[in-house]
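Down below is the structure, laid out as structure tokens.
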Amino acid sequence: MVDKRASLGHPSQIWTRGLERRLEMMRREVPLEGKRILDIGCGVGAFVRRLREFSQDVYGVDIDEERVREGAAQVPNLALSVGEYLPFADDTFDVALLHEVIEHVTDDLVTLREVRRVLRPNGRAVVFCPNRLYPFETHGVFLGRRYVFGNVPLVNWLPDVIRNRLVPHARAYTHAGLQRLYRRAGLRARLHAYVFPGFDHVTARRKLVGKALRIALYPLERTPLRIFGLSHFVVLEKV
4 MVDKRASLGH
14 PSQIWTRGLE
24 RRLEMMRREV
34 PLEGKRILDI
44 GCGVGAFVRR
54 LREFSQDVYG
64 VDIDEERVRE
74 GAAQVPNLAL
84 SVGEYLPFAD
94 DTFDVALLHE
104 VIEHVTDDLV
114 TLREVRRVLR
124 PNGRAVVFCP
134 NRLYPFETHG
144 VFLGRRYVFG
154 NVPLVNWLPD
164 VIRNRLVPHA
174 RAYTHAGLQR
184 LYRRAGLRAR
194 LHAYVFPGFD
204 HVTARRKLVG
214 KALRIALYPL
224 ERTPLRIFGL
234 SHFVVLEKV
């Protein structure tokens, strides 16, 4: 049996400082108050719960029945669905969030086309997804049939044929590759930026080390070295 962390990712069970920072970045670019919002790949609903502080009209979908059931016990409006076939009518949402999700879906292009379909005119899609230039692969690797979970250095810098053999379960995107993807889906970028890690696990073990990493690396998001960030942060609008 394949480790669920490999096939579906590892969604947050708790709200962390790193997630709060990403939400703050999202709020600077996208109005949330009173909007109809969809979180695609919601897991147990961590983002849905937090977004409901800005709007009561928030929905979440996920492919994992176990996670949806767990989340639905505490968060309303969670449903079972794949990203390629969203159970909503056209022009339903003002905002769609895909937080570290499109790298896991079966078809990322079809998923983004579905996002475009359910967005209202002038609706916004917020995408966080893995950056191919980040020095570590965070989804673990397969060594033959053995799955090794954790941060593995330099895997994403290998040629596609090697990287795809080691990491067949999760995509990582170059700037140009992600740009081609969302343009083919009929979306255009209002913002294409990068975000460095939250270092929440490091901080939990060694507070001063985590704080030092944040102080050292977060300013790089405003320099040319931002291209080595952990994730793309893209705000898209319906063309």
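Per the numbering used here, the sequence shown runs over residues 4 to 242. The C-beta atom is built at its ideal place from N, Cα and C for all residues, glycine as well. Quick caveat: nothing in here was measured; it's all calculated off a predicted structure.
- The beta-carbon distance between HIS142 and ALA179, rounded to whole angstroms, is 21 Å. This is too long to meet the 8 Å contact definition.
- Annotation: LEU157 to ILE230 spans about 15 Å, alpha carbon to alpha carbon.
- Taking C-alpha positions only, MET28 is separated from ASN167 by approximately 31 Å.
- Here HIS235 is near PRO133, since their CB atoms are less than 9 Å apart.
- In the DSSP assignment, PHE50 falls within the unbroken alpha helix (DSSP H) covering 49-54.
- Between the alpha carbons of LEU112 and ALA207 lies a distance of about 37 Å.
- Annotation for PRO90: VAL64, ALA82 and SER84 place their beta carbon closer than 8 Å to its own, counting only its chain and skipping 5 residues before and after.
- THR177 places its beta carbon 9 Å or farther from that of ARG120.
- LYS241 sits buried, since 16 or more C-beta atoms from the chains shown fall within 10 Å of its C-beta.
- Within the same chain, Cβ atoms closer than 6 Å to the Cβ of VAL118 are found at ALA99 and ALA128, the five residues on either side in sequence being excluded.
- With at least 16 other beta carbons inside 10 angstroms of its own, ILE66 counts as buried.
- Around the beta carbon of ILE17, fewer than 16 other beta carbons lie within 10 angstroms, which makes this residue exposed.
- The alpha-carbon separation between GLY213 and THR226 amounts to approximately 21 Å.
- For PHE236, the pairing in a beta bridge is given by DSSP as PHE131 and ALA196.
- PRO90 carries a coil assignment under DSSP once its states are collapsed to helix, strand and coil.
- Annotated as distal: ARG55 and GLN77, with beta-carbon spacing of 9 Å or more.
- The three-state reading of DSSP puts ARG123 in strand, counting E and B together.
- When DSSP reads this structure, ILE40 sits in a beta bridge with VAL61 and VAL98.
- At least 9 Å separates the beta-carbon of ARG24 from that of GLY232.
- Residue environment analysis places ASN125 among the exposed positions, since fewer than 16 neighbouring C-beta atoms fall within 10 angstroms of its C-beta.
- In the DSSP annotation of this structure, the continuous segment of the alpha helix (DSSP H) that includes TYR185 starts and ends at 178-187.
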